[in-house]
Amino acid sequence: MKKKEIKIFFLFLLLCLLIFFSLFFGVDGFSSDKTIILKIRLPRLILAFLVGGNLAFAGAVLQGLLENPLCDPYILGIASGAAFGVGLGYLTKKLTYFFSPIFAFLGSLVAIFFVYNLAFYKGKTNKIALILAGVIISFLFSSITMLFMLFSQRPLNEIIYLIMGNLSIIFNKFSLTIFAIMNFISIIFLIIIYGKAFELNCFSLGTEVAESLGINYQKSTRILFFLTSFLVATQVAFAGAISFVGLIIPHLTRFLFGANYKNLLPFSFILGALTIIAADLIARTIASVELPISMVTTFFGAPFFLYLLRKNL
Amino acid sequence: MRKALFFILFLLLCSQPPKDRKIRAVSLSPAVTEIIFTLKCEDYLVGNTIYCDYPEKAKEIYKVGDMINPSIEKIVKLKPSIVFLTYPLQKNIDEKLKALNIKTFNSSPQSLKEMFEEIIKIGEIFNKKERAEKLVDSLREELNKVKRFNKRLKVYIEINANPPITIGKNSFLNDLLEFIGLENIFADKLADYPAVKQEEIILKNPDYIIILHPEGKAKDISSRLGYEKIKAVKSGKIIDNLDPNYFLRNSPRVIEGIKILSRLLNDEKKGN
Amino acid sequence: MPILAYEIKNLYFQYKKEEPLFEGLSIKIKEKEWFSIIGPNGSGKTSLLKLMAGLLRPQKGTIILFNNNLFSLTPKERAKFIGYFPQESFFIFDYTVREVVLMGRNPYINWFSQVSKKDMEIVEKSMELTETISLKDKKISELSSGERKRVILARILAQEPKILLLDEFTTHLDISYQLEFINLLKRLKEAKDLTIVFLTHDLNLASISSDRILLIDKGKYVACDVPEKILKEDLIAKVYKVKPIVKTHPLTNKPLIIF
Numbered sequence: 001m002k003k004k005e006i007k008i009f010f011l012f013l014l015l016c017l018l019i020f021f022s023l024f025f026g027v028d029g030f031s032s033d034k035t036i037i038l039k040i041r042l043p044r045l046i047l048a049f050l051v052g053g054n055l056a057f058a059g060a061v062l063q064g065l066l067e068n069p070l071c072d073p074y075i076l077g078i079a080s081g082a083a084f085g086v087g088l089g090y091l092t093k094k095l096t097y098f099f100s101p102i103f104a105f106l107g108s109l110v111a112i113f114f115v116y117n118l119a120f121y122k123g124k125t126n127k128i129a130l131i132l133a134g135v136i137i138s139f140l141f142s143s144i145t146m147l148f149m150l151f152s153q154r155p156l157n158e159i160i161y162l163i164m165g166n167l168s169i170i171f172n173k174f175s176l177t178i179f180a181i182m183n184f185i186s187i188i189f190l191i192i193i194y195g196k197a198f199e200l201n202c203f204s205l206g207t208e209v210a211e212s213l214g215i216n217y218q219k220s221t222r223i224l225f226f227l228t229s230f231l232v233a234t235q236v237a238f239a240g241a242i243s244f245v246g247l248i249i250p251h252l253t254r255f256l257f258g259a260n261y262k263n264l265l266p267f268s269f270i271l272g273a274l275t276i277i278a279a280d281l282i283a284r285t286i287a288s289v290e291l292p293i294s295m296v297t298t299f300f301g302a303p304f305f306l307y308l309l310r311k312n313l
Numbered sequence: 314m315r316k317a318l319f320f321i322l323f324l325l326l327c328s329q330p331p332k333d334r335k336i337r338a339v340s341l342s343p344a345v346t347e348i349i350f351t352l353k354c355e356d357y358l359v360g361n362t363i364y365c366d367y368p369e370k371a372k373e374i375y376k377v378g379d380m381i382n383p384s385i386e387k388i389v390k391l392k393p394s395i396v397f398l399t400y401p402l403q404k405n406i407d408e409k410l411k412a413l414n415i416k417t418f419n420s421s422p423q424s425l426k427e428m429f430e431e432i433i434k435i436g437e438i439f440n441k442k443e444r445a446e447k448l449v450d451s452l453r454e455e456l457n458k459v460k461r462f463n464k465r466l467k468v469y470i471e472i473n474a475n476p477p478i479t480i481g482k483n484s485f486l487n488d489l490l491e492f493i494g495l496e497n498i499f500a501d502k503l504a505d506y507p508a509v510k511q512e513e514i515i516l517k518n519p520d521y522i523i524i525l526h527p528e529g530k531a532k533d534i535s536s537r538l539g540y541e542k543i544k545a546v547k548s549g550k551i552i553d554n555l556d557p558n559y560f561l562r563n564s565p566r567v568i569e570g571i572k573i574l575s576r577l578l579n580d581e582k583k584g585n
Numbered sequence: 586m587p588i589l590a591y592e593i594k595n596l597y598f599q600y601k602k603e604e605p606l607f608e609g610l611s612i613k614i615k616e617k618e619w620f621s622i623i624g625p626n627g628s629g630k631t632s633l634l635k636l637m638a639g640l641l642r643p644q645k646g647t648i649i650l651f652n653n654n655l656f657s658l659t660p661k662e663r664a665k666f667i668g669y670f671p672q673e674s675f676f677i678f679d680y681t682v683r684e685v686v687l688m689g690r691n692p693y694i695n696w697f698s699q700v701s702k703k704d705m706e707i708v709e710k711s712m713e714l715t716e717t718i719s720l721k722d723k724k725i726s727e728l729s730s731g732e733r734k735r736v737i738l739a740r741i742l743a744q745e746p747k748i749l750l751l752d753e754f755t756t757h758l759d760i761s762y763q764l765e766f767i768n769l770l771k772r773l774k775e776a777k778d779l780t781i782v783f784l785t786h787d788l789n790l791a792s793i794s795s796d797r798i799l800l801i802d803k804g805k806y807v808a809c810d811v812p813e814k815i816l817k818e819d820l821i822a823k824v825y826k827v828k829p830i831v832k833t834h835p836l837t838n839k840p841l842i843i844f
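Protein chains in written order, with the numbering used here: chain S, 1 to 313; chain D, 314 to 585; chain W, 586 to 844.
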């Protein structure tokens, strides 16, 4: 018990440190311009916190739900599906900020529907088939996104930012309001999912065991997929598709705080938030131009994925 | 009989303007297309891109594709004697065409001076050097009439909103701004079209913001979080009604663009 | 008349795009009975057990469970009756023993409700009964396969079921473990008044443990009776296509099958 408190203390310390750096460090080194800190860096910090938290949380849920430690919103194509929806939203021009999150949600639902049905065979999901289906769907959606972003003559940078994630979104009052509303709903969904933490533990024992423990498998998976897709889509609508956070963070959290979903979900959220804040700090300061954030997360995430793949095959 | 036929054929061939008929030009750059039309050499232009939309007639010319991925096959089929293209965007296309023994001409002027030189070179290619020199002279004359600013005003040019993309030191537009005496706040960036950070825009605090993309309207810019601190936003000096093609294409039309800009800024000055 | 734990009537079942497996199967299982199901590979043992657990749905026929229709029970109500021990168990994440056993309380826990003291007491008791209490803070990955099976059994006991459905759970275990397990189950059966449906390919295990044995072959009912009447040379030879020698075990007086 004591050990856990020390870990929490260190996490808190790290969070404070990262928040300090994110707010006070920028293009001109350490600066204290009030407008920039409050209106540019603070919204960005909040975005990073919510994006990282929600993606890691969603990853943890998906891993349990699909009994597969290799799952993550990015690998399963949910993020690409959402990015596809955002791209579709761009066609609405002026109302982009309004329609993009909605289209993103629909896109992510379509993606998870395809992936799940492609990988579900004779009442069982095959671990590797699921991942392959996800990768294929991910490719498919990325190319379609690219295609009609090119058709609507968006610059290449924007497409890359959408497919690989970037937190440099320009907020105004309208988009900030939509952002707040979407995240308010997300928080409600997070709480609802957290209420199912006990069930999620059972899910990870396999479909049949979960059912024998009194879980209505079809109903529960549908609800959880729906809610999780919303969490992912909301974040993709504002930050693009970010890879590997949803995969690595739940594993790291299990290592630190155990596999029980009661701890796993909240700590995944915190650790995910920390990671994206740190990754964004790197992405926006390491070069004179901003890097897509997936560049940073993939750099650390890909080796870890390969390690997991070896362990699980 | 046969001999007679050959003779007639020979005569027919000879009666064609022998030199000119050999020129078959393909333009992969909308700017060069405009220059060719200004030089009235459009009859030699057998192919261009879907982005070549000025003047109206340029749209009717056979399209070989877009600027990034034109069809090499279509270009080869046209049997061009010369292909105009622009760097760095079409560097790889240039290499491919050269490998196929197709002559290319790279037109990527970074300043007004370079553009004038290129107009003359293009004129030479079409054997219209004189016409080109005349054109350049008249353009120069018009330029000299343009009012310049003595006070160095700082300008932020935005050519894309999300992410914000602007123009760097080596871009053509930067030279135009220099010419009329405005200071590009991102003249320290080496890339032609660098993506910049929002905090940089706010910190550099421009006097004017010029929007060169179709979606941005002045009120969109001023509603952005944190931008209210910028001088240009405070004093409402955001210009959003310009046709980007007058500024981003290194063609004779930029002279018009400069005139528009100069008039606009002068008017605003009086207004204040 | 004894209470029936299971009454299966006229069961029809087939997997999608496959030949029918059960065509009109009927079985009755009494309360507190040790009921074994045997049959060669492909006889449909596991499918039958999954149907009884409510994991598969028959196309026709009814399954009555302590006077309740199995398929009109909610999943949670069903889980309070039936504990299901699958053939293969896996743990993709490294839970502690206590966490795994606690999952057995799922039928009693609702959305957002907390784990109560009573739940924890039942968990402790289940671990005591299965002799896993000393392992409670260990991680699953640190256990031997025999210990893991005991932990799964503890999880099932935490469900407080009336019936245990066990699918060949003695595979991959040493003989000594197998016998230990049979004895453990026998003790639990007495202590908790359990009905046990035991699915096995080991005829001698079925012989020493069962009150009655059901012999099926390719989904067809062959015979169902006390071990002495099922484990006979001619019947086994007919179904398994191998001729065995059947003796009487000198200590237990149960049939002893030698191939």
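All C-beta atoms, glycine included, are put in the ideal place defined by N, C-alpha and C.
Measure the C-alpha to C-alpha separation of residue i and residue j and round it to an integer number of angstroms.
i: residue 360 of chain D; j: residue 374 of chain D; result: 6 Å
i: residue 277 of chain S; j: residue 495 of chain D; result: 38 Å
i: residue 715 of chain W; j: residue 740 of chain W; result: 10 Å
i: residue 493 of chain D; j: residue 54 of chain S; result: 50 Å
i: residue 279 of chain S; j: residue 725 of chain W; result: 34 Å
i: residue 458 of chain D; j: residue 447 of chain D; result: 17 Å
i: residue 200 of chain S; j: residue 66 of chain S; result: 10 Å
i: residue 251 of chain S; j: residue 34 of chain S; result: 38 Å
i: residue 804 of chain W; j: residue 685 of chain W; result: 34 Å
i: residue 752 of chain W; j: residue 844 of chain W; result: 23 Å
i: residue 340 of chain D; j: residue 403 of chain D; result: 12 Å
i: residue 514 of chain D; j: residue 275 of chain S; result: 27 Å
i: residue 453 of chain D; j: residue 299 of chain S; result: 53 Å
i: residue 832 of chain W; j: residue 814 of chain W; result: 13 Å
i: residue 497 of chain D; j: residue 576 of chain D; result: 18 Å
Per DSSP, which one or two residues make a beta bridge with residue i?
i: residue 802 of chain W; result: W/805
i: residue 340 of chain D; result: D/397
i: residue 833 of chain W; result: W/840
i: residue 597 of chain W; result: W/608 and W/645
i: residue 784 of chain W; result: W/622 and W/752
i: residue 592 of chain W; result: W/613 and W/649
i: residue 663 of chain W; result: The partner list for residue 663 of chain W (beta bridge, DSSP) is empty, contrary to what the question assumes.
i: residue 521 of chain D; result: D/468
i: residue 810 of chain W; result: W/798
The ligand PLP heavy atoms versus the CB of residue i: any closer than 7 Å?
i: residue 691 of chain W; result: No copy of the ligand PLP occurs in the structure displayed, which carries no ligand at all.
Under a Cβ-count criterion, where at least 16 other Cβ atoms within 10 Å of its own Cβ denotes burial, should residue i be classed as buried or exposed?
i: residue 59 of chain S; result: buried
i: residue 682 of chain W; result: buried
i: residue 29 of chain S; result: exposed
i: residue 627 of chain W; result: exposed
i: residue 759 of chain W; result: exposed
i: residue 49 of chain S; result: buried
i: residue 717 of chain W; result: buried
i: residue 248 of chain S; result: buried
i: residue 510 of chain D; result: buried
i: residue 630 of chain W; result: buried
Does any CB atom of chain B fall closer than 8 Å to the CB of residue i?
i: residue 234 of chain S; result: Absent here is chain B; the protein component of the structure consists of chains S, D and W.
Along the chain, which unbroken stretches of the alpha helix (DSSP H) at least 4 residues long are found entirely within the region 445-505 of chain D?
Entirely contained in the region 445-505 of chain D, the alpha helix (DSSP H) runs reaching 4 residues are, in chain order, 485-493.
Quick one, which residues of the region 649-665 of chain W are near chain S if we go by CB-CB under 7 Å, in chain order?
660, 661, 663 and 664
If the cut-off is 7 Å on Cβ atoms, which residues from the region 501-522 of chain D count as contacting chain S, listed in chain order?
507, 508, 510, 511, 512, 513, 515 and 516
Mind pulling the alpha helix (DSSP H) runs of 4 or more residues that sit fully within the region 696-733 of chain W?
Counting whole runs of 4 or more residues, the region 696-733 of chain W contains the alpha helix (DSSP H) stretches 702-714.
What are the residues in the region 263-281 of chain S lying within 9 Å of chain D by C-beta distance?
none
Contacting positions in the region 36-68 of chain S - beta carbon closer than 8 Å to chain D:
36, 38, 39, 40, 41 and 43
Which of the residues in the region 467-489 of chain D, read from start to end, lie with their CB under 9 Å from any CB of chain S?
472, 473, 474, 475, 476, 477 and 478
Closer than 8 Å between beta carbons: that is the criterion. Which residues of the region 227-258 of chain S meet it against chain W?
In summary, the residues of the region 227-258 of chain S whose CB is separated from some CB of chain W by less than 8 Å are 254 and 258, in the order they occur in the chain.
Please list the residues of the region 667-683 of chain W that have a C-beta atom closer than 8 Å to any C-beta atom in chain S, keeping them in chain order.
Residues of the region 667-683 of chain W whose Cβ lies closer than 8 Å to any Cβ of chain S, in chain order: 667, 668, 669, 671, 674, 675, 676, 677, 678, 679, 680 and 681.
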